[in-house]
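Colleague: Let me begin by handing over the structure; questions about it come next.
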Amino acid sequence: MDLGTVLAALADRHRRRVIVALLAEPDGTERTCVSFDLPVSKATLTHHFRTLRTAGLIRQVNRGNSNMAQLRRAEVAARFPGLLELLQAEGERESHS
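With the working numbering applied, the sequence shown closes on residue 253, and no number is skipped along the way.
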């Protein structure tokens, strides 16, 4: 996991929204990519999840007709201590604005 790649992935508000949503779930939770209800096309949704996966922030598993996303919480926290807490706090601030 490279800091520049992670920060570039998190520069987009839709991708941050995915991470914040996964942070709100119990550790290990898998969600379908479409469950995040992002206001983007299917192609753009695929791009966002590929970017998060390539950065090492999520893992994706194909479960039949669905791609499931899971936050790599322990790995991200170990590599970048405090980053997930910052994202969670930012998400809370945005939800109260």
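Glycine included, each C-beta is placed from N, C-alpha and C at the ideal position.
If you're wondering where the values come from, they're calculated on a predicted model, not measured in any experiment.
Tell me whether Thr207 is buried or exposed, calling it buried when 16 or more other Cβ atoms sit within 10 Å of its Cβ.
Modeller: Answer is buried; the Cβ neighbour count reaches 16.
Colleague: Within 10 angstroms of its Cβ, does Arg219 collect 16 or more other Cβ (buried), or is it exposed?
Modeller: Exposed: under 16 other Cβ atoms inside 10 Å.
Colleague: Under the assumption that Val232 contacts Leu213 (Cβ atoms under 8 Å), give the Cβ distance between them as a whole number of angstroms.
Modeller: At roughly 6 Å, the Cβ-Cβ gap stays under 8 Å, so Val232 and Leu213 are in contact.
Colleague: Below 8 Å on the Cβ atoms is my contact criterion, and I expect Leu179 with Leu243 to pass it. Report the Cβ-Cβ distance as a whole number of Å.
Modeller: That belief holds up - the Cβ atoms of Leu179 and Leu243 are roughly 7 Å apart, short of 8 Å.
Colleague: Kindly provide the ranges of any beta strand (DSSP E) runs that are 3 or more residues long and lie completely inside the segment 167 to 242, ordered along the chain.
Modeller: Listed in chain order, the complete beta strand (DSSP E) runs (minimum 3 residues) inside the segment 167 to 242 are 214 to 219 and 222 to 227.
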